[in-house]
Amino acid sequence: MLRLGTNTNSKEHLVFWARIIGIPKEQISLNINENYNRTTTKHGLCRITVSKGSQLLKTVSAINRKLTEQVLQGKISH
1325 MLRLGTNTNS
1335 KEHLVFWARI
1345 IGIPKEQISL
1355 NINENYNRTT
1365 TKHGLCRITV
1375 SKGSQLLKTV
1385 SAINRKLTEQ
1395 VLQGKISH
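So in our numbering, the last one in the sequence shown is 1402, and the numbering has no gaps at all.
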């Protein structure tokens, strides 16, 4: 799920997160609501939900570690 405010370009952010995560953008749902999604991040927040213990969970955890590392190194702006 991608959480965005109403004043953002949802298509641009959807393409960004689909590329970062490596899944088709059709598999990402959007939550657009200015009252609840007051994030100041450039591309909104991406929430990934998987079953505990699955191979997908291990993959998502690895992606999360890599993204965190890249953000902390300044390779991806937050």
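Beta carbons are placed, not taken as given, at the ideal position from N, Cα and C, and that holds for glycine.
>> In whole angstroms, give me the CA-to-CA distance for residue 1398 and residue 1378.
In response: Along the sequence shown, read from residue 1 onward, the residue named residue 1398 stands at position 74. Along the sequence shown, read from residue 1 onward, the residue named residue 1378 stands at position 54. Taking the straight line from one Cα to the other gives about 30 Å.
> Quick one: what's residue 1369 bridged to in DSSP?
Replying inline: Position 45 of the sequence shown, counted from the start, is the residue given in the question as residue 1369. Answer is 1327, bridged to residue 1369.
> Which residue or residues does DSSP assign as beta-bridge partners of residue 1356?
Replying inline: Residue numbering aside, residue 1356 sits at position 32 when the sequence shown is read from its first letter. For residue 1356, which the question treats as bridged, DSSP gives the partners 1328.
> Between the Cα of residue 1342 and the Cα atoms of 1372, 1389, 1329, 1356, which residue gives the shortest distance?
Replying inline: One-based indexing of the sequence shown puts residue 1342 at position 18. Ranking 1372, 1389, 1329, 1356 by Cα distance to residue 1342 puts 1372 first.
> Is the beta carbon of residue 1344 less than 8 Å from the beta carbon of residue 1391?
Replying inline: The residue given as residue 1344 occupies position 20 in the sequence shown. The residue given as residue 1391 occupies position 67 in the sequence shown. Yes, they are a contact pair.
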